[in-house]
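Per the working numbering, the sequence shown runs over residues 531 to 677. We put the beta carbon where it would ideally sit given N, CA and C, even for glycine. The model shown is predicted, which means the values in this text are computed figures rather than measured ones. Report on one structure; see the data block that follows.
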Amino acid sequence: MATEIAEQDAQYLEFWQERHLCTLTTLRRDGRPHMVPVGVTLDAERGIARVITRKSSQKVRNILAATPGQAHAAISQFDGGRWATLEGFAEVRTDPDVVREAVERYADRYGRTPAPDPERVVIEITIDRTMGQATLTTPPATIRSAA
Numbered sequence: 531m532a533t534e535i536a537e538q539d540a541q542y543l544e545f546w547q548e549r550h551l552c553t554l555t556t557l558r559r560d561g562r563p564h565m566v567p568v569g570v571t572l573d574a575e576r577g578i579a580r581v582i583t584r585k586s587s588q589k590v591r592n593i594l595a596a597t598p599g600q601a602h603a604a605i606s607q608f609d610g611g612r613w614a615t616l617e618g619f620a621e622v623r624t625d626p627d628v629v630r631e632a633v634e635r636y637a638d639r640y641g642r643t644p645a646p647d648p649e650r651v652v653i654e655i656t657i658d659r660t661m662g663q664a665t666l667t668t669p670p671a672t673i674r675s676a677a
């Protein structure tokens, strides 16, 4: 299990259970980042974040093009001043049981089951670094309109 995620407090882990759209960043062959909106599920016990996607997507191509074990990826989410980022090495998983589990976890977090897709694969990111602030120590500033 990745120790980075295990060391986070309960509020950080709870933040990853809330319904938020996230971003996934992978690297293109030329080193430029490719960032896209995605749904993400966190398996804190295993130290893995998962993204379900189509096997023909650019993010999958980026991971498959990397040297094995060197496909770096980052997932981020934010809500006002709260934010969290998970980093690690990504791999593409096609095993039907892995895909089924990822779809079930997605349905639990996002409240809907995606339509069946024979092209579906799972991007699994083994977390080796976490960052963020899942709580605010001061209330957010109030926006006032000019009267």
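request  = Taking the CB atoms as reference points, tell me whether LEU543 and ALA574 lie closer together than 9 Å.
outcome  = Locating residue 543 in the sequence shown gives position 13, where the first residue counts as 1. Locating residue 574 in the sequence shown gives position 44, where the first residue counts as 1. Cβ atoms of LEU543 and ALA574: closer than 9 Å.
request  = Have a look at ARG635, VAL629, GLY599 and GLY610 and flag the residue whose alpha-carbon is nearest the alpha-carbon of PHE619.
outcome  = Within the sequence shown, numbered from 1, the residue matching residue 619 stands at position 89. Residue GLY599 is the option with its Cα nearest to PHE619.
task = Would you check if the distance between the CB atom of ILE582 and the CB atom of ILE655 is smaller than 9 Å?
result = Here the question's residue 582 lines up with position 52 in the sequence shown. Here the question's residue 655 lines up with position 125 in the sequence shown. No, the pair does not count as a contact, with Cβ atoms beyond the cut-off.
Range of the contiguous alpha helix (DSSP H) that encloses GLU544 = Position 14 of the sequence shown holds residue 544. GLU544 -> alpha helix (DSSP H) spans 540–545.
query = So what does PRO567 bridge to, in DSSP terms?
reply = Indexing the sequence shown from 1 puts residue 567 at position 37. Beta-bridge pairing links PRO567 to THR553.
ask   = Mind checking whether the beta-carbon of MET661 lies closer than 8 Å to any heavy atom of the ligand ATP?
value = This structure lacks the ligand ATP, and indeed carries no ligand of any kind.
query = What is the DSSP secondary structure of GLN600, counted as helix, strand or coil?
reply = Within the sequence shown, the letter at position 70 stands for residue 600. Coil.
message = Quick check on DSSP: helix, strand or coil for ARG639?
response = Your numbering for residue 639 matches position 109 in the sequence shown. Helix, per DSSP.
DSSP beta-bridge partners of VAL651 = On the sequence shown, residue 651 is found 121 positions in, with the first residue counted as 1. VAL651 pairs with THR583.
query = Between ARG558 and the rest of its own chain, which residues show a CB-CB distance below 7 Å, the 5 nearest in sequence each way excluded?
reply = Numbered from 1 along the sequence shown, position 28 holds the residue referred to as residue 558. So the list reads HIS564 and ASN592, once near-sequence residues are dropped.
message = What would DSSP say about THR672, mapped onto helix, strand or coil?
response = Against the sequence shown, residue 672 aligns to sequence position 142. Only weak support is given to the placement of THR672: the predicted model assigns it a pLDDT of 44, under 50, and the question is left unresolved by the model.
key: Collapsed DSSP secondary structure at GLU548 in the structure displayed   = Here residue 548 corresponds to residue number 18 of the sequence shown, with the count starting at 1. GLU548: coil per DSSP, three-state reduction.
request  = Please list, in chain order, all residues of the same chain as ALA676 whose beta carbon is under 6 Å from its beta carbon, the five residues on each side excluded.
outcome  = Reading the sequence shown from its first residue, position 146 is the one you call residue 676. Residue confidence for ALA676 is low, a pLDDT of 49 falling below 50, so the modelled location carries little weight and cannot support an answer.
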